[in-house]
Amino acid sequence: MAKDHRAGSKVKGDKLPAIVMASDLLEGDTVFLAETGWTRDSKAARIAHDQESADAMEAEGKAAAAANAVVDPYLVPVEITEEGHPLARHFRDVMRQKGPSIHPDMGKQADFGPIA
Amino acid sequence: MYRYDEFDERFVRERVAQFGEQVKRRLDGSLTEDEFKPLRLKNGLYLQLHAYMLRVAIPYGTLSGRQLRQLAKIARDYDKGYGHFTTRQNIQFNWPKLKDVPAILDLLADVEMHAIQTSGNCIRNTTADQFSGVAADEVEDPRPTAELLRQWSSQHPEFVWLPRKFKIAVTGAEHDRAAIRVHDIGLRMRRNEAGEPGYEISVGGGLGRTPMIGKVIREFLPKDELLAYVEAIMRVYNAEGRRDNKFKARVKILVHETGTEEFTARVEEEYAKLDGPTVNAPLEEVERIAAYFAPPAYEDLPAESVTLGEARKADAGLDRFVEQNGFAHKQPGYIALTISLKPIGGVPGDMSADQMEAFADIAERYSLGELRVTHSQNLVLPYVKKDDLPALYAELKTHDLATANAGLVTDIIACPGLDYCALATAKSIPIAQEIAKTFADDARQKAIGELPIKISGCINACGHHHVGAIGILGLEKGGRENYQITVGGDATEHASLGERLGPGIDAEDVPGAIEALVETYLSEREGSESFIETVRRTGADPFKASFAGFIETRAAQEAAE
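Residue numbers (the UniProt record's numbering), protein chains in the order written: chain A, 1 to 116; chain B, 1 to 561.
As structure tokens, this is what we get:
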């Protein structure tokens, strides 16, 4: 089967800090790995500041995909805003984190207010 | 319009039930994503950036008011209140939930619709001229052919696992409005010297990362031999098309690498071996299908409408709407109308559930209950009485459906791009919105005239950028969105691929660059030449020069800032 999406983040070079993003199986929307389980609010996403934590989180993501909770989890390099929230560094990941740029009334930006 | 027979009905219902079971098994964990993905794609269900996306087939772009009303219901109950018409004359819903998809498919089946073969390596929806059956320049109505191909290609056991997807388009008119030369198979209905009906057949057109114009492999194929000949083409492709490399798997690569002459010889050889009469549709079946597309009971009307003439004099907006969006009808007293889904600043091809419902009513009252979807992401009312136009125009206006820009610089094709699509490398819709705002002035648009701009947000070219008079391709460069501009592309009977003007530019510079190209056209044009006609005469050089000048000016401005 042909690959029908571009997997993984496109950030080059240093990939930390990072969060884990995936699609929810049932709803198909973006979810973020939290301290426990998954959240739809990226402000509550768990942040990996070192490689060991990032590897552990990626493994948690893959386990959740294997358990059919989420689809296509991957590590997303972020910067930390002044408020301490993660913000994806690549514009494609930002689009997933916020919602469509043409519809501020849809997606996470609508459900949880301005992301950053 | 064609209506399902008992076989169509049963087939679609069975598929809905089957997919319902597959979704259940996915949700209870019996199917992994890797197992489920090929199954969902067989039913038009993708997973995009923010949600699942369901692509629904609209055979040759023809819809009834009843069907559009059902699409409105789905948009309202299971999506976020809108749908998106595509460059393949289909419709996509951007926000369905996996658990709801079987219910959506049931609603579609209620109105003889489905999402089968809108994805995957199979024969996709056969597309056709949006003015089929009504165009004044038509030789023959292509819809019975498109419907025959739909039935033949639906779950054809030999062709459900091709090397890659396969797209067929048909036109029956002199002027090609179906972009047949950029399809895997393009069919042009024509007559031979004896006046007998048949097809000119081209193969191996396509866009994407390796754009090609289709090659004519048969100047004339008698009409009743179509299915056997197409089957011969499919067999050669199925056997010899590459399966080792996804990017070289389309039939255009096979035709290119084999050579047109050799490819043609192989098709003819295969065709000679086929037992035509067992493959071609029996005459009574062809006639049964054709009967659904018989001309409607037109009223006997004078060619010109006094009512419309007077109304046009009194209302400049109506006059302009008819001039720009009206299309010559073969029946005296009637007109076909393009309904633009490109309001200034809107999302090309998007339609709200409210608009769909209102438009379903309009189609029923003013166009014998039928509408069409165009590959330019607009709609068409095919059977409008000129006498009705003033009242119809007033209604269209109240639903924001009276934008008089068909074919103009603001009637832009744009793929969903990075706002939705998991494949995209850059945004596409916001670029279209900014260009449309830049050229919003009606008088300016009219002065510029016909200018198809086409935008794709990645190399796969769903926005047909290669065949835009101006084409725009969004890519990623150095962690930023970057846009390449081409001129000279054409999707009509003069099919040609655009030529790149220079290095890629930032999103914010695109409208300015387009203005520079338009200025070049206005200064270079002779007489009433359209943009593409001027490019054809002058070549790309004057446009390359003004593009380079634009980039230089921008660089100087940035250095000064």
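Beta carbons: idealized from backbone N, C-alpha and C, even for Gly.
- At a C-beta separation below 8 Å, B/Y420 has these neighbours in chain A: P100.
- When C-alpha distances from B/G204 are compared across B/R177, B/R164, B/E193 and B/R191, the shortest belongs to B/R164.
- Taken in chain order, the complete beta strand (DSSP E) segments of 3 residues or longer contained in the UniProt domain "Nitrite/sulphite reductase 4Fe-4S" (119-272) of chain B are 168-171, 185-191, 197-203 and 215-222.
- Closer than 7 Å to the CB of A/E58 there is not a single CB belonging to chain B.
- CA-CA distance, B/D350 to A/E52, rounds to 45 Å.
- When secondary structure is reduced to three states using DSSP, A/M106 falls in the coil class, being assigned neither helix nor strand.
- For B/K385, the beta-bridge partners assigned by DSSP are B/Y334.
- A/I80 counts as exposed, since fewer than 16 other C-beta atoms from the protein chains shown sit within 10 angstroms of its C-beta.
- Take B/I344, set aside five residues on each side of it, and the residues of its chain with a beta-carbon closer than 7 Å to its own are T410, A436, K437 and A440, in chain order.
- Take B/L107, set aside five residues on each side of it, and the residues of its chain with a beta-carbon closer than 7 Å to its own are Q70, K73 and I74, in chain order.
- Distance between B/A394 and B/Q355, taken at the CA atoms: about 14 Å.
- Annotation for B/N482: the continuous beta strand (DSSP E) segment containing it runs R480 to V487.
- Collapsing the DSSP output to three states places B/M1 in coil.
- Excluding the 5 residues flanking it on each side, B/F131 has same chain C-beta neighbours closer than 8 Å at E138, A173, R177, F327, A336, R372, V380 and P382, in chain order.
- Minimum Cα-Cα distance from B/D129 among the listed residues B/E481, B/C458, B/V535 and B/H375 corresponds to B/H375.
- In summary, B/V306 is exposed, with fewer than 16 beta-carbon neighbours lying within 10 Å of its beta-carbon over all protein chains present.
- Judged by DSSP in its simplified three-state form, B/K342 adopts coil rather than helix or strand.
- Taking one beta carbon from each stretch, the segment 494-502 of chain B and the segment 530-549 of chain B have 3 or more pairs nearer than 8 Å; the two touch.
- A contact is defined here as three or more CB-CB pairs under 8 Å, and the segment 452-461 of chain B meets this definition with respect to the segment 412-429 of chain B.
- With contacts defined by Cβ atoms closer than 7 Å, B/P222 and B/G195 do not form a contacting pair.
- Scanning B/A109, B/L227 and B/H466 for the CA closest to the CA of B/T278 turns up B/L227.
- Distance between A/G107 and A/Q97, taken at the CA atoms: about 8 Å.
- Non-local beta-carbon contacts of B/A540 in its own chain, meaning distances under 8 Å to residues more than five positions away in sequence, involve V487, G488, E499 and L501 in chain order.
- Within 7 Å of the CB of A/E79, no CB atom of chain B is found; the nearest one sits about 13 Å away.
- By the Cβ test, the segment 384-404 of chain B is not in contact with the segment 424-433 of chain B, since fewer than three Cβ pairs between them sit closer than 8 Å.
- In this structure the segment 82-102 of chain A does not lie against the segment 54-62 of chain A, because fewer than three pairs of beta carbons, one per stretch, are closer than 8 Å.
- At least one beta carbon of chain A lies nearer than 7 Å to the beta carbon of B/G29.
- Contacts between A/V71 and chain B, judged by CB atoms closer than 7 Å, involve E33 and L47 in chain order.
- The way I'd put it, the segment 489-497 of chain B does touch the segment 464-476 of chain B; three or more beta-carbon pairs between them come closer than 8 Å.
- Here DSSP, grouped into helix, strand and coil, assigns B/A436 to helix.
- Against B/I435, chain A offers no close residue; the least beta-carbon distance is about 14 Å (beta-carbon pairs closer than 8 Å).
- Residues are counted here when their Cβ sits less than 7 Å from a Cβ of chain A; for the segment 50-62 of chain B these are H50, A51 and Y52, given in chain order.
- The beta-carbon distance between A/A64 and A/V78, rounded to whole angstroms, is 19 Å. This is too long to meet the 8 Å contact definition.
- DSSP places B/L54 in the strand class (E or B) of the three-state scheme.
- The alpha carbon of B/M189 has as its nearest neighbour, out of B/N378, B/E158, B/E225 and B/S154, the alpha carbon of B/E225.
- Of all alpha-carbon atoms in B/T338, B/E552, B/L308 and B/Y46, the one lying nearest the alpha-carbon of B/A513 is that of B/E552.
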